[in-house]
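First comes the structure, then the notes that go with it.
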Amino acid sequence: MSVPNGRDSKSNATAGRNALTAVLLAAIVVVALNTWLAFRSIQVLVKSEYWVQHTLEVIGEVERIMGSAKDAETGNRGFLITGDERYLEPYTNAVRDLPGELEKFGTLIEDNRSQKARLLDFREVLDERLGLLATGIEQRRSGASREEIHLLVLSGTGKSEMDHLRRIADDMEAEERRLLVIRQGDVNRNSNQARWTVGVASALDLVLLVLMFRYLARERVLRLEKERVAEELATAKAATEAKAAEVQLLNRELEERVRRRTAELETTNRELEAFSYSVSHDLRAPLRTIDGFSLAIEEDYGNIVDAVGKDYIRRVRTSVQRMGQLIDALLQLSRITRTELARENFDMSEVAKAVVSEFDMEATNADNRRRSDAGAESRLAVRPVEFRVLDGPEAYGDPKLLRVALENLIGNAVKFSAKVSAPVVEVGWDNKESAWYVRDNGAGFDMFYADKLFNAFHRLHGDKDFVGSGIGLATVARVVRRHHGKIWADSAVGRGATFWFTLG
Amino acid sequence: MTDGSRSILLVEDDPDHELLTLRALKKANVANALHVARDGEEAIAMLMGPKPIRPQVVLLDLKLPKVDGLEVLRRIRGSAATRMTPVVVLTSSDEESDVVRSYQTGVNSYIRKPVNFSDFAETTRQLGLYWLVLNECPPQV
Chain A
402 MSVPNGRDSK SNATAGRNAL TAVLLAAIVV VALNTWLAFR SIQVLVKSEY
452 WVQHTLEVIG EVERIMGSAK DAETGNRGFL ITGDERYLEP YTNAVRDLPG
502 ELEKFGTLIE DNRSQKARLL DFREVLDERL GLLATGIEQR RSGASREEIH
552 LLVLSGTGKS EMDHLRRIAD DMEAEERRLL VIRQGDVNRN SNQARWTVGV
602 ASALDLVLLV LMFRYLARER VLRLEKERVA EELATAKAAT EAKAAEVQLL
652 NRELEERVRR RTAELETTNR ELEAFSYSVS HDLRAPLRTI DGFSLAIEED
702 YGNIVDAVGK DYIRRVRTSV QRMGQLIDAL LQLSRITRTE LARENFDMSE
752 VAKAVVSEFD MEATNADNRR RSDAGAESRL AVRPVEFRVL DGPEAYGDPK
802 LLRVALENLI GNAVKFSAKV SAPVVEVGWD NKESAWYVRD NGAGFDMFYA
852 DKLFNAFHRL HGDKDFVGSG IGLATVARVV RRHHGKIWAD SAVGRGATFW
902 FTLG
Chain B
2 MTDGSRSILL VEDDPDHELL TLRALKKANV ANALHVARDG EEAIAMLMGP
52 KPIRPQVVLL DLKLPKVDGL EVLRRIRGSA ATRMTPVVVL TSSDEESDVV
102 RSYQTGVNSY IRKPVNFSDF AETTRQLGLY WLVLNECPPQ V
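Taken in sequence, the protein lines are chains A and B. For the first sequence, the residue numbers in the working numbering are 402 to 905. For the second sequence, the residue numbers in the working numbering are 2 to 142.
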């Protein structure tokens, strides 16, 4: 899997945390609301049940009061008939209990105005009745006649009062029964409502719980995935660090090796410099001595040396010159290796023009010398080289070293085109090859030997045809190599040669 | 003090070269008096010793036994009596460092000896002509 970039994953995590907080808060609010709703509907239910209970209690109380009134009536009647005090007991109990019962009833129906009005009626009628009963008992005790008591008991008021009480009690009971029906309905409704509320709330809670669970499960998967990625990253990081440490160690070793090699190279360079110095000074000195004394013999003892002797002297001096040239070429080759490369942008064709003008001047001088030395015969042998220097792009390299290279290449071109009738040497830039070139129309060479061209001391032409040190092209190759460039040649025998080179 | 007028001091350790230089100067007809020092020490002794010579020009080789040419040049330039004496380095070396150091030390001219003796003879002739005849030397101290 691809690793998300740091900022995105961070903002994702923040958004996730915010969403989680919001969902949790919403869940808490919903659950709290549900709890409150359920609690409230239960409260309503409890209240309506209380009212049902209350109604039943009121009905019971009405019954009890009526019972007590009946007890008083019955006990009274028994005593009046028999005169036996024992029959009075229910009456006495009822009279004792009734005020409390009425009091209690009064508080129970405190909130119901119509019941209160009925209770007032009831008390009035009851008081009247109880007063009558008390009068009967007194008369019986004071020994009233049986008829009197009979009259009193059977008087219409007694019966009608009891009926009146019963009616009021029935009314009150009926009222309570009516309320009971209403309240029972309330209870049923509230109970249903409570059931619904609790059910819906619980279902909602359950849904929320499931959602939360799913969310947490997804979070867990994400977290596990994140942990796995983090672990992978840590492993990769550790591996990278180990690699880096290894690379660092290798680098240190490499640096140490480079330092050692550089030191060795510097030593070698110093030795080479000392050697070159020695060569340049000490090897030339005896050559000059040989040449000097050869000339001295020729000049001072010319009269006793014959033509053959003079030829020998000439050969000695020619060899000395060659040796001198070899030493010079070798020194140039070693100097190219030793000197610091100083690159700059410069005009290659300007350098080529300067080199060419030097060759021109040299040719003119040689021509003049030959003219003064010899007769018309040798003048015919002089073939002026036509130089063509074409403009090219700006070059980036060490102009001093490239001048040496051009000197050698142009020198070679001049040398190997010396024997054609109209020698032409061209220097320029080839767009197709993207390289500089020096071209002549001279002797050329067999491409079979092309790979040996740039080795020092290797000469393709014998001494008899062309003189040369065999170091010139090696020097050119070294200049090009020091610029990280390439050098190659193209030629065919008798059809001239072209040397290309690039600067890296 | 020896006759210093129109004299040359040649500092050269190679007797062959001394002989050839002498011959070339003779042929050019410029050498009135040629002093030769075989090493740097001898050259210093001749110029700054108890009986110093005052040559028109010093022809100095660089590679010399005991005290090398550059040191001799340094001593010549360091002494009040010889400070203005013309010194020409005449050497086989064409190392750039030698040329630069010679000029830094105050040489008047730097000539590389050609291997071809005809050229060398011509160079010597021109040198003698220039320094002994054409060139106006500073007055002797």
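Positions of the beta carbon are idealized from the N, C-alpha and C atoms, including for glycine.
* Asked: At a CB-CB cut-off below 8 Å, which residues of chain B make contact with A:R690?
  -> Locating residue 690 of chain A in the first sequence gives position 289, counting from the first residue. The amino acid at residue 690 of chain A is misidentified as Arg; the sequence shows Thr. One finds D15, D17, H18 and L21 in chain B with Cβ atoms closer than 8 Å to the Cβ of A:T690, taken in chain order.
* Name, going along the chain, the residues of the segment 93-124 of chain B whose beta-carbon falls closer than 7 Å to a beta-carbon of chain A. => Going along the segment 93-124 of chain B in chain order, one finds S93, S94, D95, E96, K114, V116, N117, F118, S119 and F121 with a Cβ nearer than 7 Å to chain A.
* Asked: Does the Cβ-Cβ distance between A:I550 and A:G537 come in under 8 Å?
  -> As a working mapping, residue 550 of chain A is identified with position 149 in the first sequence. As a working mapping, residue 537 of chain A is identified with position 136 in the first sequence. It is a contact, given that the beta carbons lie within the stated cut-off.
* To do: Starting from A:E787, trace the beta strand (DSSP E) both ways and give me its first and last residue.
  => Within the first sequence, numbered from 1, the residue matching residue 787 of chain A stands at position 386. Start and end: E787 to V790.
* Asked: Got a sec: is the Cβ-Cβ distance from A:K865 to anything in chain B below 8 Å?
  -> Translated into positions along the first sequence, residue 865 of chain A becomes position 464. With a pLDDT of 49 at A:K865, under the threshold of 50, the modelled position of that residue is not reliable, and no figure is offered here.
* With DSSP as the reference, please indicate the residues paired to B:L91 in a beta bridge. => Within the second sequence, numbered from 1, the residue matching residue 91 of chain B stands at position 90. BP columns for B:L91 point to B:I112.
* Asked: With DSSP run on the structure shown, which of helix, strand or coil describes B:A38?
  -> Counting from 1 along the second sequence, the entry for residue 38 of chain B is found at position 37. Residue state, collapsed to three classes: strand.
* Asked: What is the DSSP secondary structure of A:N746, reduced to helix, strand or coil?
  -> The residue labelled residue 746 of chain A in the question sits at position 345 within the first sequence. Secondary structure at A:N746: strand, using DSSP grouped into helix, strand and coil.
* Paired residues, beta bridge with A:G798 - DSSP -> Taking the first residue of the first sequence as position 1, residue 798 of chain A is located at position 397. Answer is A:E745, bridged to A:G798.
* Is A:R739 near A:N670, with beta carbons less than 8 Å apart? -> As a first step, residue 739 of chain A must be located in the first sequence, where it is residue number 338. As a first step, residue 670 of chain A must be located in the first sequence, where it is residue number 269. In contact: A:R739 and A:N670 (Cβ atoms closer than 8 Å).
* Asked: What three-state label does DSSP hand A:Y702 in the structure shown?
  -> Walking along the first sequence from the start, residue 702 of chain A turns up at place 301. Coil at A:Y702, not helix or strand.
* Asked: In chain A, what lies closer than 7 Å to B:K64 by C-beta?
  -> Position 63 of the second sequence, counted from the start, is the residue given in the question as residue 64 of chain B. Per Cβ cutoff of 7 Å: H682.
* Asked: Among B:V134, B:E137, B:L63 and B:E72, which one has its Cα closest to the Cα of A:S679?
  -> Your numbering for residue 679 of chain A matches position 278 in the first sequence. Considering only alpha carbons, the answer is B:L63.
* State the DSSP-derived secondary structure class of B:T83, mapped to helix, strand or coil. => Counting from 1 along the second sequence, the entry for residue 83 of chain B is found at position 82. Residue state, collapsed to three classes: coil.
* Asked: If we ignore side chains and look at the alpha-carbon of each, how far apart do A:L610 and A:G507 end up?
  -> The residue you call residue 610 of chain A lines up with position 209 of the first sequence. The residue you call residue 507 of chain A lines up with position 106 of the first sequence. Pairing A:L610 with A:G507, the inter-Cα distance amounts to about 52 Å.
* So the alpha helix (DSSP H) B:E175 belongs to, where does it begin and stop? -> Lying outside 2 to 142, the shown extent of chain B, residue 175 of chain B is not represented and no answer is given.
* To do: Flag this pair as yes or no: are the beta carbons of A:F817 and A:D841 separated by less than 8 Å?
  => One-based indexing of the first sequence puts residue 817 of chain A at position 416. One-based indexing of the first sequence puts residue 841 of chain A at position 440. Cβ distance < 8 Å, so A:F817 and A:D841 count as in contact.
* How is A:A604 classed by DSSP in three states: helix, strand or coil? -> Locating residue 604 of chain A in the first sequence gives position 203, where the first residue counts as 1. Here DSSP, grouped into helix, strand and coil, assigns A:A604 to helix.
* To do: Identify the contact partners of A:Y678 in chain B, using a Cβ-Cβ distance below 9 Å as the criterion.
  => The residue given as residue 678 of chain A occupies position 277 in the first sequence. The answer, in chain order, is K64, S94, E96, S98 and D99.
* To do: Go ahead and label A:I510 buried or exposed: buried means 16 or more other beta carbons lie within 10 angstroms of its beta carbon, across all protein chains shown.
  => In the first sequence, residue 510 of chain A corresponds to position 109, counting from 1. By the neighbour-count criterion, in which 16 or more other beta carbons inside 10 Å mark a residue as buried, A:I510 falls on the buried side.
* To do: Give a yes or no on whether 8 Å exceeds the smallest Cβ distance from B:R146 to chain A.
  => Chain B is shown from 2 up to 142; residue 146 of chain B falls before or after that span and cannot be answered.
* Whole-angstrom Cβ separation of B:E19 and B:V37, contact assumed at under 8 Å? -> The count along the second sequence starts at 1 and reaches residue 19 of chain B at position 18. The count along the second sequence starts at 1 and reaches residue 37 of chain B at position 36. Contact holds; Cβ gap of about 6 Å.
* Listing by chain order, which chain B residues have their CB less than 9 Å from the CB of A:V721? -> On the first sequence, residue 721 of chain A is found 320 positions in, with the first residue counted as 1. Scanning chain B for C-beta atoms nearer than 9 Å to the C-beta of A:V721 yields V116, N117 and F118, reported in chain order.
* Asked: Using 8 Å as the limit for Cβ to Cβ distance, is A:A697 near chain B?
  -> Along the first sequence, one-based indexing puts residue 697 of chain A at 296. Answer yes: the Cβ-Cβ gap between A:A697 and chain B drops below 8 Å somewhere.
* **Cβ-based burial, A:H885 [other Cβ within 10 Å; buried from 16]** => Counted from its first residue, the first sequence places residue 885 of chain A at position 484. Classification of A:H885: exposed, given that the 10 Å Cβ count is below 16.
* Residue environment, A:T422, which counts as buried when at least 16 other CB atoms sit within 10 Å -> Locating residue 422 of chain A in the first sequence gives position 21, where the first residue counts as 1. By the neighbour-count rule (16 or more Cβ atoms within 10 Å), A:T422 is not buried but exposed.
* Could you check the C-alpha separation between A:D792 and B:R78 for me, to the nearest Å? => Against the first sequence, residue 792 of chain A aligns to sequence position 391. Against the second sequence, residue 78 of chain B aligns to sequence position 77. Those two C-alpha atoms are separated by around 49 Å.
* Those residues which DSSP pairs with A:R840 across a bridge -> Numbered from 1 along the first sequence, position 439 holds the residue referred to as residue 840 of chain A. As a beta-bridge residue in DSSP terms, A:R840 pairs with A:E827 and A:T899.
* Residue from B:I112, B:T106 and B:R7 whose Cα sits closest to the Cα of B:C56 -> Numbered from 1 along the second sequence, position 55 holds the residue referred to as residue 56 of chain B. Position check: residue 56 of chain B holds Pro in this sequence, whereas Cys was assumed. Out of B:I112, B:T106 and B:R7, B:R7 has the C-alpha closest to the C-alpha of B:P56.
* Asked: At least one CB of chain B closer than 8 Å to the CB of A:A806: is that the case?
  -> Working through the first sequence from its first residue, we reach residue 806 of chain A at position 405. Judged by the 8 Å Cβ criterion, A:A806 is not in contact with chain B.
* Asked: Helix, strand or coil: how does DSSP classify A:I510 here?
  -> Against the first sequence, residue 510 of chain A aligns to sequence position 109. In the structure shown, A:I510 sits in coil (DSSP, three-state: anything other than H, G, I, E or B).
* To do: Going by CA-CA distance only, name the one from A:R685, A:L580 and A:Y616 that's closest to A:D729.
  => Translated into the one-based positions of the first sequence, residue 729 of chain A becomes position 328. Just measuring C-alpha positions, the residue of A:R685, A:L580 and A:Y616 sitting nearest A:D729 is A:R685.
* Counting pairs of beta carbons, one from the segment 743-757 of chain A and one from the segment 800-816 of chain A, are three or more of them closer than 8 Å? -> Pairwise C-beta distances place the segment 743-757 of chain A in contact with the segment 800-816 of chain A, as three or more of them are shorter than 8 Å.
* Asked: Going straight from the alpha carbon of A:A433 to that of A:A602, what length do you get?
  -> Walking along the first sequence from the start, residue 433 of chain A turns up at place 32. Walking along the first sequence from the start, residue 602 of chain A turns up at place 201. In a straight line, the C-alpha of A:A433 is about 10 Å away from that of A:A602.
* Spatial neighbours of A:S888 in its chain, beta-carbon cut-off 6 Å, leaving aside the 5 residues before and after -> In the first sequence, the residue the question calls residue 888 of chain A occupies position 487. The sequence given here places Ile at residue 888 of chain A; Ser does not occur at that position. Closer than 6 Å at Cβ, skipping near neighbours: A878, V881 and F902.
* **Short CB-CB distance (under 8 Å) between A:G895 and chain B** => Here residue 895 of chain A corresponds to residue number 494 of the first sequence, with the count starting at 1. No - not a single Cβ of chain B is within 8 Å of the one on A:G895.
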